[in-house]
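Accompanying notes for the structure given below.
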Amino acid sequence: MIFSPEVEAARASGAALVALESTIITHGMPFPQNVETARKVEAEIRAHGAVPATIAVLDGVLHIGLTDAQLDQLGQAKNVMKLSRADLAVCMAQGRTGATTVAATMIAAERAGIRVFATGGIGGVHRGAEETFDISADLNELSLTAVTVVAAGAKAILDIPKTMEVLETNGVPVIAYGQDEIPAFWSRSSGLKAPLRMDSAQEIAAAMKQRLALNLAGGHLIANPIPVEHEIPRAEIMPVVEEALAAAAAQSIAAKDVTPFLLQRIFEATEGKSLTANIELVLNNARLAAAIARAL
Ligand code: PSU
Ligand code: MN
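Here you go:
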């Protein structure tokens, strides 16, 4: 495990740290918006009093914090592995390069002593999971690893009610931030009431400390709604999502390829509007994560 100079300095001084994933860079957004967004998110965290630690495996080495040059390289690299819990150690053992999903980023962050992590959306239960069994390892990770993940809810490409059921079964606190409903990534509303609600970073930090004190394994999922001025209302995004899901089924897209395929398809169908919303919600999550890390 290698710390970037910035992260190393933050550790030495006890500064607040926020982990960031890298699959969003390699598999979640097109170049060059992916690298630009990664930089903006890092800057947003710094502007809010914390230090960003973007996590990835480069040539077999687990990096906690990337330099500008490394970020640029990763954003353009081809054949980057998408690393979940199952792949992390294999990628490192083979000396390969891989981008960490929410699950793998949580594992790395915990090992590095970082307890707060900002991203866009988490993986979840895919629609039709009763046939495919396609349930992201992110959900299981939240029950195992003590890192709080700030996300904009589960994306409308997923089955949100089933995702909530699996989280409940796994004992993961799902906390909507500042509203009663679970947000649905591009939209603030999902039509589903969140199991828990909190309205400040201090409250969230207190819940994290209490969970540790009870010696309960696992993290928290903070579901932070996209700012109202950037949301794409449900009625507008749902037909696009349905079309993308139909295309994925028609082309027999499966396993790890499902999420990147759907994201790209929706990006094209909305002429980039989905990507703009995606960038804004990640920035919003970065701000809240920085506040939680400072409160801790
Ligand atoms: N949702 C997004 N963008 C992403 C992802 C999810 O809006 O880039 C990525 C995250 O890294 C997440 C992963 O952890 O997809 C989930 O993939 P899977 O469903 O294969 O577990
Ligand atoms: Mn999957």
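Be aware that the sequence shown starts at 28, since it is given in the numbering used here, and climbs by one per residue. Beta carbons are placed, not taken as given, at the ideal position from N, Cα and C, and that holds for glycine. It should be emphasised that the depicted structure is a prediction, and the values quoted were computed from it without experimental measurement.
| Asked | Found |
| --- | --- |
| Beta carbon of Gly76 nearer than 8 Å to that of Ala43 | yes |
| Leu223 vs Ile253 beta-carbon contact at 8 Å | no |
| Helix, strand or coil at Ala83 according to DSSP, with G and I counted as helix | strand |
| Ile149 beta carbon less than 8 Å from that of Ser214 | no |
| Inter-residue spacing [alpha-carbon to alpha-carbon] between Ala145 and Glu307 | 13 Å |
| Residue nearest to Leu315 in terms of C-alpha spacing, selected from Arg292, Glu263 and Ile72 | Ile72 |
| Residues of its chain near Ala131, where Cβ-Cβ distance is below 6 Å and the 5 sequence neighbours each way are ignored | Leu110, Ser111 and Leu115 |
| Lys109: CB within 7 Å of a non-hydrogen atom of the ligand PLP | Ligands present in the displayed structure are limited to the ligand PSU and the ligand MN, and the ligand PLP is not among them. |
| Distance CB(Leu272)-CB(Arg154) smaller than 8 Å | yes |
| Burial state of Phe58 (16 or more Cβ within 10 Å) | exposed |
| Thr127 in three-state terms, based on DSSP | strand |
| Neighbour-count burial assignment, Thr94, 16 or more Cβ in a 10 Å radius | exposed |
| Beta-carbon proximity list for Phe288, same chain, < 6 Å, skipping 5 on both sides | Ala275 and Ile280 |
| Ser217 to Lys283 span [Cα, whole Å] | 25 Å |
| Cα-Cα separation, Gln103 to Gly122 | 19 Å |
| Runs of alpha helix (DSSP H) wholly within the segment 254-323 (minimum 4 residues, chain order) | 261-277, 285-296 and 300-322 |
| Assumed close pair Pro219, Val199 - CB separation to whole angstroms, cut-off 8 Å | The sequence given here has Leu at residue 219, not Pro. Not confirmed; about 15 Å, so no contact. |
| Beta-bridge partners of Ser227, as assigned by DSSP | Ser227 is not bridged to any residue. |
| Nearest-angstrom Cα separation, counted from Ile319 out to Asn311 | 13 Å |
| Proximity winner among Ala322, Leu323 and Val309, relative to Arg66 (alpha-carbon distances) | Val309 |
| Nearest neighbour of Thr81, chosen from Ile209, Ala39, Ala179 and Phe30 [CA to CA] | Phe30 |
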